[in-house]
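In my numbering, the protein residues as written are -17 to 36.
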């Protein structure tokens, strides 16, 4: 079974969803997960999302 549509939603997002994570300050990482950080809703990376959900 092929995965023809995987990641097509990220093509519509500027720069393919990549940017700088406001939590860990990594650059050129996918920031596609929304979370509340310091009272504001921001997009963060997958690793920071996992740390915040614990």
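All residues carry an ideal CB built from backbone N, CA and C; glycine is no exception. Computed from a predicted structure; not experimentally measured.
With a 10 Å radius around the Cβ and a threshold of 16 neighbouring Cβ atoms, residue 12 comes out buried. About 16 angstroms separates the CB atoms of residue 26 and residue -4; that is not less than 8 angstroms, and the two are not in contact. Residue 34 sits away from residue 10, with the two beta carbons spaced by 8 angstroms or more. Between residue 15 and residue 31, the CB-CB gap stays under 8 angstroms.
For secondary structure counted as the beta strand (DSSP E) over 3 or more consecutive residues, the segment 5 to 30 holds these complete runs in sequence order: 15 to 19, 22 to 26.
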